[in-house]
Amino acid sequence: MHFNKKPDEMKKKDFEGMPIIHPHAAGIDVGSRCHYVAIGQDQDNDVAGFGVCSKDHQELIGFLKDRGITTIAMESTGSYWQPLFYALQSAGFEVLLVPGQQTKNVRAKTDVKDCVWIQELHSLGLLRGCFLPDEYTSRLRTIYRHRVSLIEGSAKMTNKI
Numbered sequence: 445m446h447f448n449k450k451p452d453e454m455k456k457k458d459f460e461g462m463p464i465i466h467p468h469a470a471g472i473d474v475g476s477r478c479h480y481v482a483i484g485q486d487q488d489n490d491v492a493g494f495g496v497c498s499k500d501h502q503e504l505i506g507f508l509k510d511r512g513i514t515t516i517a518m519e520s521t522g523s524y525w526q527p528l529f530y531a532l533q534s535a536g537f538e539v540l541l542v543p544g545q546q547t548k549n550v551r552a553k554t555d556v557k558d559c560v561w562i563q564e565l566h567s568l569g570l571l572r573g574c575f576l577p578d579e580y581t582s583r584l585r586t587i588y589r590h591r592v593s594l595i596e597g598s599a600k601m602t603n604k605i
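Just so you know, the sequence shown maps onto residues 445 to 605 in this note's numbering.
(1) Rounded to a whole number of angstroms, what is the C-alpha to C-alpha distance between Glu579 and Ser520?
(2) For the putative contact between Gly471 and Val560, defined by C-beta atoms under 8 angstroms, what is the C-beta separation to the nearest angstrom?
(3) One question on the structure: do Leu532 and Ile505 come within less than 8 angstroms of each other, judged by their Cβ atoms?
(4) Mapping DSSP to helix, strand and coil, what is Tyr480?
(5) So what's Asn448 in DSSP terms, helix, strand or just coil?
(6) What's the gap between the Cα of Leu508 and the Cα of Val592?
(7) If contacts are defined as beta-carbon pairs under 8 angstroms, then Gln546 and Leu571 qualify, I think. What distance do you get, rounded to the angstrom?
(8) Measuring straight from C-alpha to C-alpha, what distance separates Ser582 and Leu594?
(9) If you drop the 5 nearest sequence neighbours on each side, which residues of the same chain put their C-beta closer than 7 angstroms to that of Pro543?
(10) For Pro513, which residues of its own chain have a beta-carbon under 8 angstroms away from its beta-carbon, when the five flanking residues on both sides are left out?
(11) What do you get for Tyr480, buried or exposed, if any count of 16 or more other CB atoms within 10 angstroms of its CB means buried?
(12) Should Val491 and Tyr524 be called a contact, given that it needs their Cβ atoms to be closer than 8 angstroms?
(13) How long is the line joining the alpha carbons of Ser567 and Gly495, rounded to whole angstroms?
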């Protein structure tokens, strides 16, 4: 395995003999204005771009379901991944949120190449997901962060007086 090569430099033979773990996998390059989705290795026919609004998410979900996709890997880019992640999860897909460190050494030059690369790595089972807390833990963290900000605000007001 040559993870220090860029996708353009890698050849199919680098992955020859590796079993496809997820045959119905997609890769998503998450962006602030557009999400690119790869469902195969052909950049011309297997990649589509979608907007970032709720109706665009529903269109993306329909696109994936029509093509028999069951599992999706997407990069955790800022906070842009969150609405799409939860929309895909609620639609019944197995969604893997991947930290950028797993793909940064092999970053492509375009969003289209990025999503194809993510899809290829995911189909081969080479990606591991980020830790995502359960709903209870998420709520507890939110309450704790709010508590900390209230205490800090209280201390600032006390110092002003």
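Each residue gets a CB set at the ideal place from its N, CA and C atoms; glycine is no exception.
So, from the data block:
(1) 18 angstroms
(2) 7 angstroms
(3) yes
(4) strand
(5) Bear in mind that a pLDDT of 35 at Asn448, under 50, signals an unreliable position, so the model cannot answer this.
(6) Their Cα atoms are separated by approximately 41 angstroms.
(7) 6 angstroms
(8) 19 angstroms
(9) Sequence-distant Cβ neighbours of Pro543 in its own chain, meaning closer than 7 angstroms and more than five residues away, are Ser520 and Cys574.
(10) Position check: residue 513 holds Ile in this sequence, whereas Pro was assumed. Closer than 8 angstroms at the Cβ level, and outside the excluded window around Ile513, lie His468, Ala469, Ala470, Ile483 and Phe537.
(11) buried
(12) no
(13) 24 angstroms
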